[in-house]
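In the numbering used here, the protein residues as written are 3 to 388.
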């Protein structure tokens, strides 16, 4: 008997569970959109395999009560470009589970894995994302019965956990390279970071080690601000013990939205998509924005900020540390191999994109996309897909 999800391989199929917008399609994809339903856990799952010309679609699984097909598609497309820019042999994909991340995450991930097992790992390789980590990846691989089913697994079963901070490390390296292009001295530069999950915490850690002064950090409950700088160890301990950065003693508590308008040198959005939008873009005073989150700025807003002279390092370049780490794990590399490759690739690609952008009078995103499209299109030609 066919699994439920196989009914939705064709993106043009209409049905009760399919909220698909055909306008999303172009020459690059998506190749497959899969919607699943698990009766036992009462959860809907979404998998978008965008493009596999360069290799299996690679992208994380997020668990959110409001995740949608359109959001997952845009994230999958970002993975297509990100993997191409990083020059690793993966295509782009993403998955979402519509559910409460506070309840039965392992059960939800196992149920989702069971529904899509026919695609893994030949067409899709999973990884951690919002509200999933090493335990969920262990469950996913166990359910599929193949350690190649995902990356970000616990070290004990051959993984390189994202808890080592590969994405945040890459963001810090990207920031250092971009500072030279923006004529900002990183040592002593003031930084505001939206989000204090895995990416935000390690971004702060590695930037602080480089001498930057992180003056503001936000999470779901608010923003903590101290113009003299925040202590990384104390803030991390506060977050771990009291569940929010706003409990940090040595700082002023602000509404989380106020973080974007603070007078800082560098702004790092590192949480949800579209955090910077028409409603708050005019308040931004930062000279440089480094996109640690996926799609944190609406495209038209990004262009307007660029027109104001703000240097923006796009997500598909800046936060590729996670996918580079995934590749190192997939080929059996070590933690040391991962940090070395993340540093080399991120620094080279940020420099290349910013040089190309200036040379060709493009925004950094336009320059990055031009590079990614060229690489994906060439792979599609070799495979006879165009």
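Don't be surprised by glycine CBs; every beta carbon is placed ideally from N, CA and C.
So what does DSSP say about residue 271, is it helix, strand or coil? strand
Are there 16 or more other CB atoms within 10 angstroms of the CB of residue 3, so buried, or fewer, so exposed? With a pLDDT of 28 at residue 3, under the threshold of 50, the predicted position of this residue should be treated as unreliable, and no value is reported.
If you draw a straight line from the C-alpha of residue 381 to the C-alpha of residue 224, how long is it? 45 Å
Beta-carbon proximity list for residue 378, same chain, < 7 Å, skipping 5 on both sides: 30, 53, 55, 56, 82 and 86
Under 8 Å between C-beta atoms of residue 232 and residue 219: yes
Inter-residue CB distance, residue 217 and residue 184 (contact presumed, cutoff 8 Å): Not a contact, Cβ separation roughly 18 Å.
For residue 48, which residues does DSSP report across the bridge? Its beta-bridge partners are 37 and 98.
For residue 50, the nearest candidate out of 40, 27 and 41 (CA to CA): 27
Using three-state DSSP, classify residue 202 as helix, strand or coil. helix
Enclosing beta strand (DSSP E) for residue 324 [first to last residue]: Unbroken run through residue 324 is the alpha helix (DSSP H), 323-332; no beta strand (DSSP E).
I'd like the list of long-range same chain contacts for residue 316, defined as Cβ closer than 6 Å, with 5 residues on each side in sequence excluded. 293, 366, 367 and 370
Contact set for residue 159: own chain, Cβ-Cβ below 7 Å, skip 5 residues either direction: 140 and 149
Is residue 43 closer than 8 Å to residue 143 when the C-beta atoms are compared? no
For the alpha helix (DSSP H) that residue 188 lies in, which residues bound it at each end? Residue 188: not part of any alpha helix (DSSP H); DSSP gives it neither H nor E.
Grab me the residues of residue 249's own chain with a C-beta within less than 6 Å of its C-beta, minus the 5 sequence neighbours each way, in chain order. 240
Closer than 8 Å by C-beta to residue 165: which residues in its own chain qualify, once you throw out the five before and the five after it? Chain order, please. 135, 136 and 200
Return the chain-ordered ranges of every beta strand (DSSP E) run that is complete within the stretch 125-196 and spans a minimum of 3 residues. 192-196
Give the straight-line distance between the Cα atoms of residue 116 and residue 145, rounded to the nearest whole angstrom. Roughly 7 Å between the two C-alpha positions.
Helix or strand or just coil, what does DSSP make of residue 5? With a pLDDT of only 36 at residue 5, under 50, the local geometry of the prediction cannot be trusted, and no value is derived from it.
Mind checking if residue 383 is an interface residue toward chain C, Cβ cutoff 8 Å exclusive? Checking the listed chains, one finds no chain C in this structure; it contains a single protein chain.
Span of the beta strand (DSSP E) holding residue 221? 215-221
Pick from 300, 332, 309 and 347 that is closest to residue 2, judged by C-alpha positions: Because residue 2 is not part of the residues shown, which for the chain are 3 to 388, the question remains open.
Have a look at 91, 96 and 58 and flag the residue whose alpha-carbon is nearest the alpha-carbon of residue 48. 96
Taking just the CA atoms, how far does residue 226 sit from residue 255? 5 Å
Does the beta-carbon of residue 338 have 16 or more other beta-carbons within 10 angstroms, so that it is buried, or is it exposed? exposed
Applying the criterion that 16 or more other CB atoms from any shown protein chain within 10 Å of the CB defines a buried residue, is residue 215 buried or exposed? buried
Going by the DSSP bridge assignment, what does residue 60 pair with across the sheet? 94 and 127
Check whether residue 180 and residue 36 have beta carbons under 8 Å apart: no
Excluding the 5 residues flanking residue 190 on each side, which residues of the same chain have their C-beta closer than 8 Å to its C-beta? 213, 214 and 215
Looking at the secondary structure, which residues open and close the beta strand (DSSP E) in which residue 226 lies? 224-227
Which same chain residues, not among the five before or five after residue 58, have their C-beta less than 7 Å away from its C-beta? 92, 93, 123, 124, 125, 126 and 127
Exposure of residue 45, with buried meaning 16 or more beta-carbon neighbours within 10 Å: buried
Kindly indicate the opening and closing residues of the alpha helix (DSSP H) around residue 290. Taken as a continuous stretch (DSSP letters only), residue 290 belongs to no alpha helix (DSSP H), being part of the beta strand (DSSP E) at 290-292.
What are the boundary residues of the alpha helix (DSSP H) that includes residue 318? 317-320
Is it true that the CB of residue 211 sits closer than 8 Å to the CB of residue 270? no
State the Cα-Cα distance for the pair residue 66 and residue 376, rounded to the nearest angstrom. CA-to-CA, the gap between residue 66 and residue 376 works out to about 33 Å.
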